[in-house]
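A.B. asks: In this note's numbering, the protein residues as written are 87 to 462. Don't be surprised by glycine CBs; every beta carbon is placed ideally from N, CA and C. Source: prediction; values computed, not measured.
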Ligand SMILES: *Cc1c(COP(=O)(O)O)cnc(C)c1O
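1) So, is residue 116 buried or exposed, given that buried needs 16 or more other C-beta atoms within 10 angstroms?
2) By the DSSP assignment, the alpha helix (DSSP H) with residue 149 in it spans what residues?
3) Below 8 Å on the Cβ atoms is my guess for residue 240 versus residue 214; work out the distance and round it to an integer in Å.
4) In the DSSP assignment, what residue or residues form a beta bridge with residue 433?
5) What's the gap between the Cα of residue 275 and the Cα of residue 338?
6) Could you have a look at residue 360 and say whether DSSP puts it in helix, strand or coil?
7) Measuring from the CB of residue 150, is there a heavy atom of ligand 1 at a distance below 7 Å?
8) Is the Cβ-Cβ distance between residue 127 and residue 321 less than 8 Å?
9) By Cβ distance below 8 Å, which residues in the same chain neighbour residue 396 in space, the five residues on each side in sequence not counted?
10) Three or more C-beta pairs closer than 8 Å, one from the segment 131-150 and one from the segment 105-116: is that the case here?
11) Keeping to the same chain, check which residues put their C-beta closer than 7 Å to that of residue 194; ignore five residues upstream and five downstream.
12) According to DSSP, residue 269 sits in a beta bridge with which residue or residues?
13) State the Cα-Cα distance for the pair residue 357 and residue 453, rounded to the nearest angstrom.
14) Is residue 274 close to ligand 1? I mean its beta-carbon at under 7 Å from any heavy atom of the ligand.
15) Mapping the DSSP letters down to three states, classify residue 446 as helix, strand or coil.
16) Would residue 152 pass as a contact of residue 285 if the rule is Cβ separation under 8 Å?
17) Can you name, in chain order, every residue of its own chain whose Cβ lies under 7 Å from the Cβ of residue 347, other than the five neighbours on each side?
18) Over what stretch of residues does the beta strand (DSSP E) that includes residue 215 continue unbroken?
19) Does the beta-carbon of residue 248, which I'm using as the reference point, lie nearer than 7 Å to any heavy atom of ligand 1?
20) Just to confirm the assignment, what range does the beta strand (DSSP E) spanning residue 137 have?
21) Based on Cα-Cα distance, which residue from 458, 211, 190 lies nearest to residue 413?
22) Taking the CB atoms as reference points, tell me whether residue 224 and residue 252 lie closer together than 8 Å.
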């Protein structure tokens, strides 16, 4: 029998059926030549704003820049503190330091998202903003976070990099806080063929700041009131995104179906494996499908041996990175985040995955635990 091969993700499979449409879209831009801030950039911004049900969207060069501009537009810098989760991708915290402010972490709950109660305990007179992360594509519990922010006068930036299309109480992420930040990195659920990012907001003043920040500070062809950066979404990437946007809901549904099938197949393992699930008020987009389980490293090896590639998002909590050493955190400061870092494993979940791939992965996991006589 031929050995199974289930890669963690295969981007080419997403592009194969769209190839003609994508090439036509790219060719149109090539023939016009408006590569920088061209027609499709504005069209993509309008469509994404409508999709997220916000007034404004601004295309930038990456999700990281989206977060950085969200901080800069609010004037956050030296002497300020910004609270975020320690289990995210590095950017959620690195942008705070890049803006000159101090990253402050609050531990996460069992669902891997920031725990609102823990946010309360780290607020100081210097706290200016909170960056909740919708990790794995599952919305953070925004109502209590927004209530804390209102009470303390804090600015809320949603790190929705992994979560385009996710919903919380029927509202799209990116429309819940003051600002929403999306990554269009090729591995994200809504993705470009290269780097890209989007910022969403209902605030006109912030919107105008974002337009200037991404374009060297220019407010028209020749004048600038403030310094800015060069961080524009490429017209070619915007043209690609417009093609893909038409498929986004279908891809999200497929990811959710894949997650539901894993859940059915692994249900009887629930004493050993913690499975992700949606609460009734949420719609997760399953950017990742992360199980939490003991013997994680051995399981990962067994899966790989059987041909199933998995990943760990993320193995090193941000507060334990060398880059964060000056902040003075130590092991044990965020026990839930640190416990999860030892237990988490991301299974393949991409839309093109077949039922048979999922069944094979689930049965490999079951066989592994049946033979490992768990000494839990
Ligand atoms: C991917 C990601 C980012 C950064 O986005 P880039 O487009 O790669 O800069 C930020 N936060 C989270 C949670 C991410 O997953």
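C.D. replies: Looking at the coordinates:
1) Position 30 of the chain shown holds residue 116. Result: exposed.
2) If you number the chain shown from 1, residue 149 lands on position 63. 149-159 is the extent of the alpha helix (DSSP H) around residue 149.
3) Locating residue 240 in the chain shown gives position 154, where the first residue counts as 1. Locating residue 214 in the chain shown gives position 128, where the first residue counts as 1. That belief holds up - the Cβ atoms of residue 240 and residue 214 are roughly 7 Å apart, short of 8 Å.
4) Here residue 433 refers to the residue found at position 347 of the chain shown. In DSSP, residue 433 forms a bridge with 375.
5) Against the chain shown, residue 275 aligns to sequence position 189. Against the chain shown, residue 338 aligns to sequence position 252. If I take the Cα positions, the gap works out to 8 Å.
6) Start at 1 with the first residue of the chain shown, and residue 360 comes out as number 274. The answer is strand: DSSP assigns residue 360 an E or B state.
7) Working through the chain shown from its first residue, we reach residue 150 at position 64. Indeed, a heavy atom of ligand 1 lies less than 7 Å from the Cβ.
8) In the chain shown, counting from the first residue as 1, residue 127 sits at position 41. In the chain shown, counting from the first residue as 1, residue 321 sits at position 235. In this structure, residue 321 lies closer than 8 Å to residue 127 by Cβ.
9) Position 310 of the chain shown, counting from 1, holds the residue named residue 396. Answer for residue 396: 94, 386, 389, 390, 431, 432, 433, 434, listed in chain order.
10) no
11) Here residue 194 refers to the residue found at position 108 when the chain shown is read from its first residue. Excluding positions up to five away in sequence, the list reads 171, 173, 200, 201, 422, 423.
12) Stepping through the chain shown from its first residue, residue 269 is reached at position 183. DSSP, once it has assigned bridges, lists 283 as partnering residue 269.
13) Locating residue 357 in the chain shown gives position 271, where the first residue counts as 1. Locating residue 453 in the chain shown gives position 367, where the first residue counts as 1. Rounded to whole angstroms, residue 357 to residue 453 spans 15 Å at the Cα level.
14) Indexing the chain shown from 1 puts residue 274 at position 188. Yes, ligand 1 has a heavy atom inside 7 Å of this Cβ.
15) By one-based count along the chain shown, residue 446 stands at place 360. Helix, per DSSP.
16) The sequence position of residue 152 within the chain shown is 66, counting from 1. The sequence position of residue 285 within the chain shown is 199, counting from 1. The answer is yes: Cβ separation under 8 Å.
17) Along the chain shown, read from residue 1 onward, the residue named residue 347 stands at position 261. Around residue 347: 441, 444.
18) Translated into the one-based positions of the chain shown, residue 215 becomes position 129. First-last of the beta strand (DSSP E) with residue 215: 213-217.
19) Translated into the one-based positions of the chain shown, residue 248 becomes position 162. Flag set: Cβ of residue 248 near ligand 1.
20) Numbered from its first residue, the chain shown carries residue 137 at position 51. Note, residue 137: premise wrong, no beta strand (DSSP E); alpha helix (DSSP H) at 125-138.
21) Residue 413 sits at position 327 when you count from the first residue of the chain shown. Nearest of 458, 211, 190 to residue 413, Cα basis: 190.
22) The residue labelled residue 224 in the question sits at position 138 within the chain shown. The residue labelled residue 252 in the question sits at position 166 within the chain shown. Yes, the pair counts as a contact, with Cβ atoms nearer than the cut-off.
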